[in-house]
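According to my numbering, the sequence shown is numbered sequentially starting from -6. Notes for the one structure printed next.
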Amino acid sequence: MTATLAPEKFDEVTEALKDVMDPELGINVVDLGLIYDLGWDDENDALVIHMTLTSAGCPLTDVLEEQTAQALDNVVERFRINWVWMPPWGPERITDDGRDMMRALGFAI
């Protein structure tokens, strides 16, 4: 079971995760809306990232896990990603900043 992160830690982790880029789009996973939730696993003393991908068949989970480890290196000692497929990701989850980034790449959002 996961506990809620303190607001300061939530913000610190969220900011760090902005360094994790979707390899296909080049936009960070936070602004793409791929992070569904963050929690803390007290039993294993680890951050739990509830995350999805733009499609369930995406073969890039290893790349994202490696980038996540690098981004969180000085933020938490341990983490795990809980891959979430329901509800499926949709473009409505993209933040305003993410929409601006998508437009800059030529996508109509």
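Even glycine gets a Cβ: it sits at the ideal position worked out from N, Cα and C.
Report task. Please indicate yes or no: does the CB of Ile87 lie closer than 8 Å to some heavy atom of the ligand SAH? Result -> Of ligands this structure carries none, so the ligand SAH is not represented either.
Requested in this report: Can you say whether Gln63 is buried or exposed, counting buried as having 16 or more other CB atoms within 10 angstroms of its CB?
Outcome: The residue is exposed, with fewer than 16 neighbouring Cβ atoms inside 10 Å.
Query raised in the report: On the premise that Trp82 lies in contact with Leu46, defined as a C-beta separation below 8 Å, what is that separation, rounded to the nearest angstrom?
Result: 7 Å
Query raised in the report: What does Gly32 pair with, by DSSP beta-bridge criteria?
Result: In the DSSP output, where bridge partners are listed per residue, Gly32 has Thr(-3) and Val41.
Requested in this report: Name the two residues that bound the continuous beta strand (DSSP E) containing Arg73.
Outcome: Phe72 to Trp76
Query raised in the report: Between Pro0 and Ala101, what straight-line distance do the alpha-carbon atoms span, to the nearest angstrom?
Result: The straight-line gap from Cα to Cα measures roughly 34 Å.
Query - Exposed unless 16 or more other CB atoms sit within 10 angstroms - verdict on Trp33 - result: buried
Requested in this report: Assign Gly19 to buried or exposed, taking buried as 16 or more other Cβ atoms, counted over all protein chains shown, within 10 Å of its Cβ.
Outcome: exposed
**Report entry** Under 9 Å between C-beta atoms of Val77 and His43
**Finding:** yes
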